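The sequence shown lines up with residues 263 to 638 when you count with our numbering. What follows is a set of notes on a single structure, which appears directly below.
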Amino acid sequence: MKMMGCTNYIVVEKRQGQKCREYLETLQVYDTSRKMLVVGDTAEIPVISINPSFIELISEFVGMKVLTKESPSLVKDQKNKLEILRAEVIKLYGETSDLVEDLPSTYELYNDLILVPSQCLRKCDQSPEVFALICDIFSVKRIARKNAVVNDKFRSPRTDLLLGSDPWVWKKENGIKYNFNIRKSMFCRGNISEKLRVAKFDCSGEVVVDLFAGIGYFVLPYLVHANAKHVYACEWNRSSVEALKLNLKDAGVEEKCTVLLGDNREVCPEGVADRVNLGLIPSSSISWKVAVNALKSSGGILHVHTNVEVKAGEDKRSCWQKSADEINDKICNLLKSERGIRSTCNVVHIECVKSYGPRIYHLVIDLQCLIMVKTE
Ligand SMILES: C[S@@+](CC[C@H](N)C(=O)[O-])C[C@H]1O[C@@H](n2cnc3c(N)ncnc32)[C@H](O)[C@@H]1O
């Protein structure tokens, strides 16, 4: 399989096209706004922009060779719809109108709601014609606009609803429905490769602690797909907890999850976990000590999320390894001081979830922790 940068197409052999398309559809990464193309012996299936590690997972899941193809980053039909909108607004108000400048150049769709970037639709607010055009062209009933994130400890998105009053939307991924209040929580699309990796774990009989549960991005795959026995979900944002509870109920797994509202440093139980998820970036270090104490006395695995910067001229993989080793050393020291001097840990896997441009990588470092209780 060829690996390259983010892609908008997955290319497989023609005879496997349909099966792969259906699979991508269930994962909610199939881009329904574009058509699958058959070119010679291959089928080109349009997907939302995804990264190489995700492609690798797909090829494993689908059980077929996935050849990737570089393609323009803008989805053609998405672009078409934006162009249609622009043409219609020009027809109504003329090319020089401020309203034309004010139109979005990109968007996200959630059910019947369109979410546009923060800098647009500032002047269109008072123009019902523009809103009517948007609803018609994008087949939506609600319009929302992103806003700068509030600098509170929750980093709330402060999304404005420009049309409509119901802020609840949902997104289905890998068979799981994630409801959330678009005004108060964000949907982290970028973590899909990690969510799929978690879904493939076999956690039968295991107790998992998720220290940064959000609306359940990892809690749900642990319970629904990885078959965890129980999950303790810590989350300090009330709105996310509200969504998390709804999502657990929709998935029929609420009995298997204890939701702990509050700072994980205060609410996380000790000595219960076979596995601890630390999904906070750029660093989850504030809760490493909590994670170490959450592990059972038999030890377990920590999934430590972190961002790593690769400086110009440095080798990417050596940087990842160096960062993983540094984290391992620090957590090893915590294990020794908190759980017994002979306790130790080891890096068992480094997963690259996403890259932010060429230099910053979101990694998950898997650490196997051994706890050796002092015996005098
Ligand atoms: C970036 S989100 C991650 C959500 C999910 N793990 C993911 O990767 O998509 C981090 C979440 O952790 C929560 N959080 C941050 N610090 C926390 C703390 N000390 N205790 C409990 N929750 C916290 C935030 O409110 C947010 O919902």
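By construction, the Cβ of each residue, glycine as well, lies at the ideal position given by its N, Cα and C atoms. Remember, it's a predicted structure, so these values are computed and weren't measured experimentally.
Taking N539 as part of the beta strand (DSSP E), name the residues at either end of that continuous run. 537 to 540
Using 7 Å as the threshold, is the C-beta distance between I622 and N569 below it? yes
Are there 16 or more other CB atoms within 10 angstroms of the CB of I543, so buried, or fewer, so exposed? buried
Does the region 466 to 477 come close enough to the region 531 to 545 to have 3 or more Cβ pairs within less than 8 Å? yes
Can we count L522 as close to ligand 1, meaning its CB is less than 6 Å from some heavy atom? no
Strand pairing of P308, partner residues [DSSP]: Y271
Rounded to whole angstroms, what is the Cα-Cα separation between K491 and K297? 41 Å
Run the CB neighbour count on A574, radius 10 Å, all protein chains shown included, and call it buried at 16 or more, exposed below. exposed
Every unbroken beta strand (DSSP E) inside the region 525 to 582 [3 residues or more]: 537 to 540, 562 to 571
Continuous alpha helix (DSSP H) stretch holding S455: start and end: 454 to 462
In whole angstroms, what is the alpha-carbon distance linking S599 and N489? 32 Å
Find the nearest neighbour of S605 within the set I612, N595, C614, judged by alpha-carbon distance. N595
Rounded to whole angstroms, how far is the Cβ of V552 from the Cβ of C519, which I believe are closer than 8 Å? Wrong, their Cβ atoms sit about 18 Å apart, outside the cutoff.
Report back the beta-carbon spacing between V300 and K276 to the nearest angstrom; my notes put them in contact at under 8 Å. 6 Å
Along the chain, where does the beta strand (DSSP E) that runs through R604 open and close? Where R604 is concerned, there is no enclosing beta strand (DSSP E), given that its DSSP letter is neither H nor E.
In whole angstroms, give me the CA-to-CA distance for V629 and R404. It should be noted that the sequence gives Leu, not Val, for residue 629. L629 and R404: Cα-Cα distance of roughly 44 Å.
Verify the contact flag: E576, CB atom, against every heavy atom of ligand 1, threshold strictly below 6 Å. no
Suppose you measure from the CA of I396 to the CA of K434; what does that come to, to the nearest Å? 24 Å
Beta-carbon separation (whole angstroms), V385 vs D364, contact threshold 8 Å: For the sequence presented, residue 385 should be read as Lys rather than Val. About 4 Å separates the two Cβ atoms, so the contact holds.
Under the criterion of a Cβ to heavy atom distance below 6 Å, does E517 qualify as lining ligand 1? no
Kindly indicate which residue of V534, Y494, S502 has the alpha-carbon position closest to the one of E517. Y494
Hey, is W498 close to ligand 1, as in C-beta under 6 Å from one of its heavy atoms? yes
Using only the heavy atoms of ligand 1, determine whether one of them is closer than 6 Å to the beta carbon of N555. no
Which same chain residues end up closer than 8 Å to I444 when comparing Cβ atoms and leaving out the 5 residues on each side of it in sequence? Y372, L375, L377, A406, P419, T421, L423, P429, W430, V431
Can you tell me whether C654 is helix, strand or coil according to DSSP? As displayed, the chain neither begins before 263 nor continues past 638, which places residue 654 out of reach and without an answer.
Please tell me whether, using a cut-off of 6 Å, the distance from the CB of C631 to the nearest non-hydrogen atom of ligand 1 is below it. no
Simplified DSSP state of D512, which is helix, strand or coil: helix
Would the beta-carbon of F442 be found less than 6 Å away from any heavy atom of ligand 1? no
Element boundaries [beta strand (DSSP E), containing D203]: No information on residue 203 is available, as it lies outside the stretch 263 to 638 that the chain covers here.
Have a look at N590, M634, I603 and flag the residue whose alpha-carbon is nearest the alpha-carbon of I627. N590
I'd like the list of long-range same chain contacts for L510, defined as Cβ closer than 6 Å, with 5 residues on each side in sequence excluded. E516, C519
Closest residue to N453 among D464, C465, G478, F442 (Cα-Cα distance): G478
Between the Cα of S549 and the Cα atoms of R527, I563, Y369, which residue gives the shortest distance? R527
Closest Cα partner of V610 within the set L597, G602, Q583: Q583
How is L632 classed by DSSP in three states: helix, strand or coil? strand
Residue closest to T358, alpha-carbon to alpha-carbon, out of R348, S367, F463: R348
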